[in-house]
Ligand SMILES: [Cu+2]
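Listed below in structure tokens is the structure:
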């Protein structure tokens, strides 16, 4: 995350893969599945990294930052 955006906003990973994200802003962010609680990094402080485990089911999953709902991205699980 950088400048209040996810980069890249569209990410493709394998089912069950551990995904690490880096927060390059000074403000805390999260990577949180929009629906179903499929994944959630919890709060990642500025300058820190966090991780989540991708869902085991293939598909397309929207995510947001819970603090900044205008930050949006899509996780594709294959
Ligand atoms: Cu945020």
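Residue numbers (the working numbering): 5 to 82. Yeah, the Cβ is synthetic: ideal placement off N, Cα and C, and Gly gets one too. Keep in mind the model is a prediction, meaning the values are calculated, not measured.
Can you give the Cα-Cα distance for residue 44 and residue 34, rounded to whole angstroms? Taking the straight line joining both Cα atoms gives about 7 Å.
According to the neighbour-count rule (16 or more other Cβ atoms, all chains shown, within 10 Å of its Cβ), is residue 27 buried or exposed? The residue in question, residue 27, is buried, as its Cβ has 16 or more Cβ neighbours within 10 Å.
Name all residues in chain order for which at least one heavy atom of ligand 1 lies closer than 6 Å to the residue's CB. With the cut-off at 6 Å, the residues found are 33, 69, 71, 72 and 75.
From 11, 71, 79 and 42, residue whose alpha carbon lies closest to that of residue 64: The shortest C-alpha to C-alpha distance from residue 64 to any of 11, 71, 79 and 42 is the one to 79.
Go to residue 57, then tell me how far its beta strand (DSSP E) extends in each direction, as first and last residue. It spans 53–57 - the beta strand (DSSP E) in which residue 57 sits, taken as one unbroken run.
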